[in-house]
Amino acid sequence: AQKITQTQPGMFVQEKEAVTLDCTYDTSDQSYGLFWYKQPSSGEMIFLIYQGSYDEQNATEGRYSLNFQKARKSANLVISASQLGDSAMYFCAGRMDSNYQLIWGAGTKLIIKP
Amino acid sequence: DGGITQSPKYLFRKEGQNVTLSCEQNLNHDAMYWYRQDPGQGLRLIYYSQIVNDFQKGDIAEGYSVSREKKESFPLTVTSAQKNPTAFYLCASSMMVAGVEEQYFGPGTRLTVT
């Protein structure tokens, strides 16, 4: 069975600071991909970044980067220079390469303070 | 503009009634998905379809039904057999981008059953 764990229900961060959102995954499958999505208060899910388990380098996408530690089965999202518009729910999701199904964590609510 | 539309944004029904949530995409994506989101939780997969006239059950398909008669459309019916239908429902479609299957989400429908 697969499981995605996000241990931080909520976080407050000062504007312009960097923030790390934690995600650990539990699967016996060697070929596994990790996704991060942002959900603003409007409800729509917005894709942020992806990390494949065989990718040797950490994924980056603008201000978003993934701190991927395969041995620890963690895929933490790092947001640099946080902005007020970053306030939202953030979800980590994982999927075996052989399967269409995404397994989702419970999410972290991030609030950026001015 | 290409995208996924879900209507209505808010839906109210009396207990015992079936209700159909619409999902339309003009992205020419083959695969489509229905998720349910409850407060404080991640998404759970209800049904998915990889191709027209074919669909598979997700983790929580009981009390729901779908059809996929057209590539663009994947409506979800919440039947009276669903014990706790009040939730936020998200539809998604997917395509391969640089070897990664990226899911795009609609704005969601918030269903309240009383």
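First to last, the protein sequences are chains A and B.
Residues 9 to 122 in this note's numbering are what the first sequence spells out, letter by letter.
Residues 25 to 138 in this note's numbering are what the second sequence spells out, letter by letter.
Think of the CB as a built atom: it goes at the ideal place given N, C-alpha and C, for glycine as much as any other residue.
All of these numbers come straight from a predicted model, not from anything done at the bench.
Candidates the options, of which the one nearest residue i by Cα
i: A:Val-27; options: A:Ile-87, A:Cys-100, A:Ile-119, A:Lys-117; result: A:Ile-87
i: A:Asp-105; options: A:Met-53, A:Gly-70, A:Gly-41; result: A:Gly-41
i: B:Tyr-71; options: B:Lys-81, B:Leu-35, B:Thr-29; result: B:Lys-81
i: B:Ile-75; options: B:Gly-123, B:Gly-64, B:Ala-55, B:Leu-69; result: B:Ala-55
i: B:Thr-136; options: B:Ile-28, B:Leu-35, B:Cys-47; result: B:Leu-35
i: B:Ala-116; options: B:Leu-69, B:Lys-107, B:Val-124; result: B:Leu-69
i: A:Tyr-72; options: A:Gln-59, A:Pro-48, A:Asp-37, A:Ala-79; result: A:Gln-59
i: A:Lys-121; options: A:Lys-81, A:Ala-9, A:Met-53, A:Asp-94; result: A:Asp-94
Contacts that residue i makes with chain A (C-beta to C-beta distance below 9 Å)
i: B:Val-124; result: Gly-41, Phe-43, Tyr-58, Gly-60
i: B:Leu-100; result: Neighbours of B:Leu-100 on chain A: none; closest Cβ ~16 Å, over 9 Å.
Partner residues on chain A for residue i, Cβ-Cβ distance less than 7 Å
i: B:Tyr-71; result: Chain A residues near B:Tyr-71: none, gap ~11 Å exceeds 7 Å.
i: B:Phe-129; result: Glu-52, Met-53
Cβ distance (whole Å) where residue i is taken to contact residue j below 8 Å
i: B:Asn-42; j: B:Gly-26; result: B:Asn-42 to B:Gly-26, Cβ: 31 Å. No contact.
i: A:Gln-33; j: A:Ile-57; result: Sequence inspection shows Tyr at residue 33 of chain A; the Gln mentioned does not correspond to that position. 15 Å between Cβ atoms; not a contact.
i: B:Phe-79; j: B:Arg-92; result: 5 Å
Neighbour-count burial assignment, residue i, 16 or more Cβ in a 10 Å radius
i: A:Asn-107; result: exposed
i: B:Tyr-57; result: buried
i: A:Gln-47; result: buried
Beta-carbon neighbours of residue i, restricted to chain B and to distances below 7 Å
i: A:Phe-99; result: Gly-66
Contact list for residue i against chain B, beta-carbon separation under 8 Å
i: A:Gly-18; result: Near A:Gly-18 there are no residues of chain B at all, since even the closest Cβ is about 10 Å away, more than 8 Å.
Quick one: which residues of the stretch 46-66 of chain B get their C-beta closer than 9 Å to a C-beta of chain A? List them in chain order. Ala-55, Tyr-57, Tyr-59, Gln-61, Gly-64, Gln-65, Gly-66
What residues from the stretch 74-87 of chain B come within 9 Å of chain A, judged by C-beta to C-beta, listed N to C? Gln-74, Gln-80, Gly-82, Asp-83
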